Amino acid sequence: MKIVVIQGPNLNMLGVREQQIYGPMKLEQIHAQMKEVAAQNGVEIEFFQSNLEGEIVDKIQECYGEAHGIIINAAAYTHTSIAIRDAIAAVSIPTIEVHISNIYRREDFRQKNMIAPVCASSIIGFGPFGYHLAMMGMLQILSEIKAAQEAQAAAQKQA
Ligand code: DQA
Numbered sequence: 321m322k323i324v325v326i327q328g329p330n331l332n333m334l335g336v337r338e339q340q341i342y343g344p345m346k347l348e349q350i351h352a353q354m355k356e357v358a359a360q361n362g363v364e365i366e367f368f369q370s371n372l373e374g375e376i377v378d379k380i381q382e383c384y385g386e387a388h389g390i391i392i393n394a395a396a397y398t399h400t401s402i403a404i405r406d407a408i409a410a411v412s413i414p415t416i417e418v419h420i421s422n423i424y425r426r427e428d429f430r431q432k433n434m435i436a437p438v439c440a441s442s443i444i445g446f447g448p449f450g451y452h453l454a455m456m457g458m459l460q461i462l463s464e465i466k467a468a469q470e471a472q473a474a475a476q477k478q479a
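Number 342 in my numbering belongs to position 22 of the sequence shown; there are no gaps in the numbering.
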């Protein structure tokens, strides 16, 4: 089973950008922790960061037939991108969105979320720990998919 983690614009600046909002942790540190959890659970994990909307759409499309789960922080594109929303809907892979900050306690322009309606879940406002929660949630989703596949295979064998 494979999880792809997609990070949107300016998240490569974590640890530098607006530390009062996003904290001191760097993206590499967040990814190192996620990698550890993936290894402990026997799951493959891949990380991707881009500042470009089209590259994020391409990456989501590449997940089709490749990944079993997507964890995405679309960052500012969350509030604007119909293209990213449509890509998530198109591949139909269980997707969890993460926001480090609580976007609903921030500016008006962050209240609109184009991504959430096509995601299995949204994890918002827990700081970098949100990525760990997303991993836990995704592992649960993947184990449910695996159990359903096994049950289906067993039923087909009996028929
Ligand atoms: C963010 C929230 C967005 O509004 C913002 O544009 C980001 C980061 C978050 O993780 O809190 O870049 O997605």
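Think of the CB as a built atom: it goes at the ideal place given N, C-alpha and C, for glycine as much as any other residue. Only a predicted model underlies this, so the values are computations on that prediction, with no experimental measurement involved.
Roughly how many angstroms lie between the CA atoms of Leu331 and Ile391, to the nearest whole one?
Looking at the two C-alpha atoms, the distance is approximately 14 angstroms.
Using only alpha-carbon positions, find the residue among Ser412, Ile341, Lys322, Ser370 that is nearest to Met354.
That would be Lys322, whose Cα lies nearest to the Cα of Met354.
Just to confirm my understanding: we take Glu386, look at its own chain, exclude 5 residues before and 5 after, and list those with CB closer than 7 angstroms. What are they?
Same-chain partners within the cutoff: Lys322.
Anyone know if the C-beta pair for Val411 and Ile380 falls short of 8 angstroms?
In contact: Val411 and Ile380 (Cβ atoms closer than 8 angstroms).
Within the same chain, show all residues whose beta-carbon is closer than 7 angstroms to that of Gly389, passing over the 5 residues directly before and after it, in chain order.
Same-chain partners within the cutoff: Ile323, Ile413, Pro414, Met458, Ile461, Leu462.
Suppose you measure from the CA of Ala302 to the CA of Glu366; what does that come to, to the nearest Å?
Nothing in the structure corresponds to residue 302, since the chain is present only between 321 and 479.
Give me the Cα-Cα distance between Phe429 and Ala471, rounded to the nearest whole angstrom.
Roughly 45 angstroms between the two C-alpha positions.
Can you give me the C-alpha to C-alpha distance between Met434 and Thr398, rounded to a whole angstrom?
In a straight line, the C-alpha of Met434 is about 6 angstroms away from that of Thr398.
Sorry if obvious, but does the Cβ on Asn393 come closer than 7 angstroms to a heavy atom of ligand 1?
Within the cutoff, so yes.
If you draw a straight line from the alpha carbon of Gln476 to that of Glu364, how long is it in whole angstroms?
When rounded, the distance between both Cα atoms is 28 angstroms.
Nearest to Ala359 by CA position, among Ala468, Met456, Gln369, is which residue?
Among Ala468, Met456, Gln369, the Cα nearest to that of Ala359 is on Met456.
Within the present structure, is the beta-carbon of Ile423 separated from the nearest heavy atom of ligand 1 by less than 7 angstroms?
Yes, the beta carbon of Ile423 sits closer than 7 angstroms to at least one heavy atom of ligand 1.
Beta-carbon separation of Ala394 and Ile376 under 8 angstroms?
Yes. Within cutoff.
The beta strand (DSSP E) with Lys322 in it runs from where to where?
Note, Lys322: beta strand (DSSP E), 322 to 327.
Relative to the C-alpha of Gly447, which residue among Ala440, Leu372, Val418, Val438 is closest?
Closest by alpha carbon: Val418.
With a CB to CB cut of under 7 angstroms and the five nearest residues on each side skipped, what residues in its chain are close to Ser401?
The residues are Glu373, Ala394, Met434.
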